[in-house]
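Heads up: the structure comes next, in structure tokens.
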Amino acid sequence: MMKESQQKRRTGTAKLMTAALAACMGCGLLAGCGSGDSEERELVVYTAVDQIYSEPIFEAFEEQTGIKVQAVYDLESNKTTGLTNRLIAERENPVCDVFWNNEFVQTMVLQDEGLLEAYVSPLAEDIPDAFKDSDGYWTAFGGRARVMLVNTDLLSPEEYPSSIYDLISDRYSGDMIAIAYPMFGTTRTQVAAVYAAVGEEEGRSILQALSDKGVQVVDGNSVTRDMAAAGQVAMGYTDTDDAKGAIADGSPVEMVFLDQGEGEMGNLITPNTVAMINGAPHSEEAKEFIDYLLDPAMEERLIQDDFFDVSLREDSTAGGLDVKGMSVNLREIYEQLETASEDIQEIFGDAS
Amino acid sequence: MSDTRKRILCALTALALLFGVLPLAGLFGQGGDPTLALPNARRLGLLMNSVKLGLITALLCTAAGLFTALFIHNSRFRDRPIRFGFLLMAFVPSYIYALTWMNLLREAGSIWPALLRIRASGLIFCTLTEVFAWLPLSTAVALLGLERENRQQLDAARIFSDDDTVFWAIQLPGLVPYLMSGMGIIFVLSITDFSIPSLFQYNVYAMEIFSDFSITGRAVNSFWLAVPLLAAAIVLVFLMQAGVGRMNTPAPQRQEVVMNYSLSLKIPQWICVLVTVMQMVFPLLSLLLGMGDFAESVRLSVEEFLNSCEFALIAVAICLPAALICAIYVNWFARHPKLLRLLLVAPLAVPGNLIGIGLVTLINGSVLHEIAGTSLMPALGCAAHFLPLCTLFLSGSLQQLDRAQIRAALLFQNRRGEALFRVLIPMFLPALVSGGLLVFVLSIAEVGTILPLAPPGKEPLSVKIYNYLHYGASDAVSGFCLVLILVCMGITVVILRIGMRRKAQGGE
Numbered sequence: 005m006m007k008e009s010q011q012k013r014r015t016g017t018a019k020l021m022t023a024a025l026a027a028c029m030g031c032g033l034l035a036g037c038g039s040g041d042s043e044e045r046e047l048v049v050y051t052a053v054d055q056i057y058s059e060p061i062f063e064a065f066e067e068q069t070g071i072k073v074q075a076v077y078d079l080e081s082n083k084t085t086g087l088t089n090r091l092i093a094e095r096e097n098p099v100c101d102v103f104w105n106n107e108f109v110q111t112m113v114l115q116d117e118g119l120l121e122a123y124v125s126p127l128a129e130d131i132p133d134a135f136k137d138s139d140g141y142w143t144a145f146g147g148r149a150r151v152m153l154v155n156t157d158l159l160s161p162e163e164y165p166s167s168i169y170d171l172i173s174d175r176y177s178g179d180m181i182a183i184a185y186p187m188f189g190t191t192r193t194q195v196a197a198v199y200a201a202v203g204e205e206e207g208r209s210i211l212q213a214l215s216d217k218g219v220q221v222v223d224g225n226s227v228t229r230d231m232a233a234a235g236q237v238a239m240g241y242t243d244t245d246d247a248k249g250a251i252a253d254g255s256p257v258e259m260v261f262l263d264q265g266e267g268e269m270g271n272l273i274t275p276n277t278v279a280m281i282n283g284a285p286h287s288e289e290a291k292e293f294i295d296y297l298l299d300p301a302m303e304e305r306l307i308q309d310d311f312f313d314v315s316l317r318e319d320s321t322a323g324g325l326d327v328k329g330m331s332v333n334l335r336e337i338y339e340q341l342e343t344a345s346e347d348i349q350e351i352f353g354d355a356s
Numbered sequence: 026m027s028d029t030r031k032r033i034l035c036a037l038t039a040l041a042l043l044f045g046v047l048p049l050a051g052l053f054g055q056g057g058d059p060t061l062a063l064p065n066a067r068r069l070g071l072l073m074n075s076v077k078l079g080l081i082t083a084l085l086c087t088a089a090g091l092f093t094a095l096f097i098h099n100s101r102f103r104d105r106p107i108r109f110g111f112l113l114m115a116f117v118p119s120y121i122y123a124l125t126w127m128n129l130l131r132e133a134g135s136i137w138p139a140l141l142r143i144r145a146s147g148l149i150f151c152t153l154t155e156v157f158a159w160l161p162l163s164t165a166v167a168l169l170g171l172e173r174e175n176r177q178q179l180d181a182a183r184i185f186s187d188d189d190t191v192f193w194a195i196q197l198p199g200l201v202p203y204l205m206s207g208m209g210i211i212f213v214l215s216i217t218d219f220s221i222p223s224l225f226q227y228n229v230y231a232m233e234i235f236s237d238f239s240i241t242g243r244a245v246n247s248f249w250l251a252v253p254l255l256a257a258a259i260v261l262v263f264l265m266q267a268g269v270g271r272m273n274t275p276a277p278q279r280q281e282v283v284m285n286y287s288l289s290l291k292i293p294q295w296i297c298v299l300v301t302v303m304q305m306v307f308p309l310l311s312l313l314l315g316m317g318d319f320a321e322s323v324r325l326s327v328e329e330f331l332n333s334c335e336f337a338l339i340a341v342a343i344c345l346p347a348a349l350i351c352a353i354y355v356n357w358f359a360r361h362p363k364l365l366r367l368l369l370v371a372p373l374a375v376p377g378n379l380i381g382i383g384l385v386t387l388i389n390g391s392v393l394h395e396i397a398g399t400s401l402m403p404a405l406g407c408a409a410h411f412l413p414l415c416t417l418f419l420s421g422s423l424q425q426l427d428r429a430q431i432r433a434a435l436l437f438q439n440r441r442g443e444a445l446f447r448v449l450i451p452m453f454l455p456a457l458v459s460g461g462l463l464v465f466v467l468s469i470a471e472v473g474t475i476l477p478l479a480p481p482g483k484e485p486l487s488v489k490i491y492n493y494l495h496y497g498a499s500d501a502v503s504g505f506c507l508v509l510i511l512v513c514m515g516i517t518v519v520i521l522r523i524g525m526r527r528k529a530q531g532g533e
């Protein structure tokens, strides 16, 4: 009797488990078939902007317009390439409506792939032409800057660097400086910008000198920030949003912008870009969102909220950091990327 | 089994096999450069770095896991669920795990500033962190082997020899298949990971693949670049096969005799247990110290955690039957089991993001494109990614079943399916539950595969953790990790308790 009841229990468990698996699979199939029937207005945004900044903006947009935003975020380590590849993979049946990028390079890649649809927002009129696509495929707005985050416990103000050339001089040893892997992200863009500003030959010699010095090459801008904040290095090259986080945490650090003097090349500013996807399922909602983002009032709010550090608009009263930008335009930088990337691979890609 | 049934099983196995590699088919429509599969001098150097790191990590991890498992197996906790306590940190993504050590170093640096001057980089730091990160896995595998050793054989040997001799002559050779399997999996995990090496500035081949992907954005080229890693994995799979084929020991047995080893075997056990405790306590301390408002962390992570659970549960539902079919066919019916096992397990070395991008390309361009943007996509990606591992796990467990009993059940069943529900699944239930748990936990922590597949508006917790990490919200990240640990531990404890109750009731 005992054996029989055990057997029944075992059989029951087996059937229960099979049913549970079938239910899970059924749920999956239902999830697969049950989309797109809602009458609610919605919008799909793929964004490389940090979730902590972009999520409140989506919520505010939802509140103002009643349009539900379904967001897909990228990881910092993916450097936007993950989203770009996903958009390319989805080209036949687009899922995304708006691509809101925290830089401009991958947006231009998508433009070259024919994945963007032109939309000239009436609210982007006062953004300089250098920051807009001439055919209206994308618009740049707001932005961050590259910055040297200096540890004030380790360096006094007179010891701060003032130019990129200081970094390759004898003033600092390699282990005092941290940079993120230059193969991707804003560090790679910065290398291309330096190439565009000083020429390929000069750019390559700067890169080679940094490598020869043995600067610490780490996993990302957040790591360079943390290393400078902790005093593991005297200075770390990072983005202003990372740097401001360290300052807000009370770390002994200060932001230093390089090459700000008369006749010097200036500091790289990396703007956000926004674009509509070709064949976007919700194109009207997409235009509303792009207008919402490009509104000067939004830019001012975002600078006040510390999301942007600089405005691209001429005569802007939005505030932000006082940084002299580089004189090269976004297209010129984009065109230098391939050469710069090859050099980076060659110079920094060696096995340790 | 009739020929027709065998053919059906064969066809189902082929389908499952196809499912595991199909996402890659999506990549080949993009063209690509097959010559990338042949590494140049620089890439060969990186490959050697990867293999060196993988081998050292796998060897050290396996040795440490073996001695830790020996200690647990001979301790008073050996029959209690708490013996699986060493799995505590297994639920934290390895990159976050590595960061907890970095954070701890930084915290300690505020007390001893000299610590901050230590340049934590290179092979040694990288290997140590990887060994710590995957120690729970190697310990689990060794413990699994120890709990299945033949007690009668041991008892007979102990009459004539001391316990040290019994260990070297009987226990260790019996454990070799399990240890080799564990070593193979850790090797593959190590050579495909770039997150920990990049933290410690140790250049590896996986970083080269990622770097190329980030620059060119061409996933198909990343596949061709991954071929050398696949080749390295295949070599290891051959070794693992030798192990799996010999896992023919009986089902777990209640241990009544505690082995009394000499100091030469006890000291390594104490050291390894100390390392295991350090591996859990210090990072946990780092998470607890770094945590902000725990209630807020829970509130912020509930939705994402439920999303992760949804993806993981559907992945289990897809992966488990497919892996079971493959395991049954490979173990019992295949004419060339070694070749088939190789085909099934080799895709383990394919980076998860390639599976994700491949699946998007494949589904989006087909009649099935309506499922793009639904929860089925990340589930399919995780199921395809973890199918080889799950098959390997079930294959090992299947070896322990009494086939005569199953044959008898098939012969005498009154109606079709009765043997399956009344004999095979009940006999195999613990392994199925463990296999399901394995896929569930791996899917919960997965980032690379899920990222290109997550539906809009349904972010998984693993991705949120990484996003918040970049912002520098380490307090929130610590809180999310603790939520993850607590829930995964809760699930494990529930399953273990069910298992204990079944044992107490006289079940398997």
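From first to last, the protein sequence lines stand for chains A and B. If you're matching positions, the first sequence starts at 5 in the numbering used here and goes up one per residue. If you're matching positions, the second sequence starts at 26 in the numbering used here and goes up one per residue. No residue lacks a Cβ here, since even glycine has one placed at the ideal position from N, Cα and C. These numbers come from a predicted model, not from an experiment.
message = Beta-carbon within less than 6 Å of residue 517 of chain B's beta-carbon, same chain only, minus the 5 sequence neighbours each way: which residues are those?
response = Beyond the five residues adjoining it in sequence on each side, residue 517 of chain B comes within less than 6 Å, by CB distance, of no other residue in the same chain.
Coil, strand or helix - residue 356 of chain B by DSSP = Correct three-state label for residue 356 of chain B: helix.
Proximal residues to residue 101 of chain A (C-beta, below 8 Å), its chain only, five neighbours per side dropped = So the list reads 47, 48, 49, 280, 281, 284, 285, 286, 287, 289, 290, 293, once near-sequence residues are dropped.
query = Can you pull the DSSP bridge partners for residue 89 of chain A?
reply = Within the DSSP secondary-structure output, residue 89 of chain A pairs in no beta bridge.
message = Here's the rule I'm using: 16 or more other beta-carbon atoms within 10 Å means buried, otherwise exposed. How should residue 31 of chain B be labelled?
response = By the C-beta density criterion, residue 31 of chain B is exposed, having fewer than 16 other C-beta atoms within 10 angstroms.
message = Within the continuous alpha helix (DSSP H) that includes residue 454 of chain B, where are the two ends?
response = For residue 454 of chain B, the uninterrupted alpha helix (DSSP H) run begins and ends at 450-470, by DSSP.
query = DSSP three-state call for residue 131 of chain B: helix, strand or coil?
reply = Residue 131 of chain B: helix per DSSP, three-state reduction.
ask   = Short check: CB of residue 240 of chain A to CB of residue 158 of chain A, under 8 Å?
value = No, these two residues do not count as a Cβ contact at 8 Å.
query = Using the C-alpha atoms, what's the distance from residue 188 of chain A back to residue 344 of chain A?
reply = CA-to-CA, the gap between residue 344 of chain A and residue 188 of chain A works out to about 11 Å.
inquiry  = What residue range does the alpha helix (DSSP H) around residue 217 of chain A cover?
reply    = Segment 204-217, the alpha helix (DSSP H) holding residue 217 of chain A.
ask   = What are the boundary residues of the beta strand (DSSP E) that includes residue 338 of chain A?
value = Element bounds for residue 338 of chain A: not the beta strand (DSSP E) but the alpha helix (DSSP H), 334-352.
request  = Check whether the Cβ atoms of residue 347 of chain B and residue 412 of chain B sit closer than 8 Å, and answer yes or no.
outcome  = Contact annotation: residue 347 of chain B and residue 412 of chain B have beta-carbon atoms nearer than 8 Å.
inquiry  = For residue 221 of chain B, report the span of its alpha helix (DSSP H) as first-last.
reply    = Where residue 221 of chain B is concerned, the enclosing alpha helix (DSSP H) stretches over 220-224.
inquiry  = Along the chain, where does the beta strand (DSSP E) containing residue 145 of chain A start, and where does it finish?
reply    = 143-155 is the span of the beta strand (DSSP E), which, as asked, contains residue 145 of chain A.
ask   = Taking one C-beta from the segment 55-69 of chain B and one from the segment 174-185 of chain B each time, how about it: are there three or more such pairs within less than 8 Å?
value = Judged by Cβ distances under 8 Å, the segment 55-69 of chain B makes no contact with the segment 174-185 of chain B, as fewer than three pairs qualify.
request  = Could you check what DSSP says for residue 254 of chain A in three-state terms: helix, strand or coil?
outcome  = Coil at residue 254 of chain A, not helix or strand.
message = Alpha carbons only, please: which of A:316, A:249, A:252, A:59 is nearest the one belonging to residue 146 of chain A?
response = For the residues A:316, A:249, A:252, A:59, the minimum Cα distance to residue 146 of chain A belongs to A:316.
task = Please confirm if residue 508 of chain B has its CB atom under 8 Å from at least one CB of chain A.
result = No, no contact with chain A.
ask   = How about residue 306 of chain A: is its C-beta nearer than 8 Å to some C-beta of chain B?
value = When Cβ-Cβ separations below 8 Å define contact, residue 306 of chain A makes no contact with chain B.
message = Let me see if you follow: with CB-CB separation under 8 Å, is residue 277 of chain A close to chain B or not?
response = For residue 277 of chain A, the answer is no, since every Cβ of chain B falls outside 8 Å of its Cβ.
key: Within 8 Å, strictly: CB atoms of residue 199 of chain B and residue 174 of chain B   = For residue 199 of chain B and residue 174 of chain B, yes; Cβs fall inside 8 Å.
key: Any C-beta of chain B under 8 Å from that of residue 340 of chain A   = So, not an interface residue.
message = Run through the DSSP bridge pairs and tell me what residue 329 of chain A is partnered with.
response = A:271.
request  = List the residues of chain A that residue 392 of chain B touches, going by C-beta distances under 9 Å, in chain order.
outcome  = Chain A residues near residue 392 of chain B: none, gap ~10 Å exceeds 9 Å.
query = If you draw a straight line from the C-alpha of residue 264 of chain A to the C-alpha of residue 169 of chain A, how long is it?
reply = Each residue's Cα considered, the two are about 12 Å apart.
query = Leaving out five residues before and five after residue 456 of chain B in sequence, what residues of the same chain have Cβ atoms less than 7 Å from its Cβ?
reply = Excluding the 5 residues flanking it on each side, residue 456 of chain B has same chain C-beta neighbours closer than 7 Å at 419, 422, in chain order.
task = For residue 44 of chain B, name the three-state secondary structure that DSSP assigns.
result = It is helical.
ask   = Name the residues in the segment 211-238 of chain A whose C-beta lies less than 8 Å from a C-beta of chain B; which are they?
value = Answer set for the segment 211-238 of chain A: 220, 221, 222, 223, 224, 226, 227, 229, 230, 234, 235, 236.
message = Taking only three categories from DSSP, how would you classify residue 276 of chain A?
response = Strand, per DSSP.
ask   = Closest to residue 54 of chain A by CA distance: which of A:352, A:334, A:328, A:276 is it?
value = Considering only A:352, A:334, A:328, A:276, the residue with the shortest C-alpha distance to residue 54 of chain A is A:276.
ask   = Ordered along the chain, which non-local residues of its own chain (more than five positions away) have a Cβ less than 6 Å from that of residue 385 of chain B?
value = 477, listed in sequence order.
request  = Could you pull the start and end residues of the beta strand (DSSP E) that residue 74 of chain A belongs to?
outcome  = Bounds of the beta strand (DSSP E) holding residue 74 of chain A are 72-77.
ask   = Below 8 Å between beta carbons: does that hold for residue 244 of chain A and residue 109 of chain A?
value = Residue 109 of chain A sits away from residue 244 of chain A, with the two beta carbons spaced by 8 Å or more.
Distance between residue 352 of chain B and residue 41 of chain B (C-alpha atoms, nearest Å) = Their backbone Cα atoms lie some 11 Å apart in a straight line.
ask   = Would a C-beta distance cut-off of 8 Å place residue 95 of chain B and residue 171 of chain B closer than the cut-off?
value = Result yes, Cβ atoms of residue 95 of chain B and residue 171 of chain B sit closer than 8 Å.
ask   = Is residue 553 of chain B helix, strand or coil when you go by DSSP?
value = For chain B, the structure presents residues 26 to 533; residue 553 of chain B sits outside this window and is missing.
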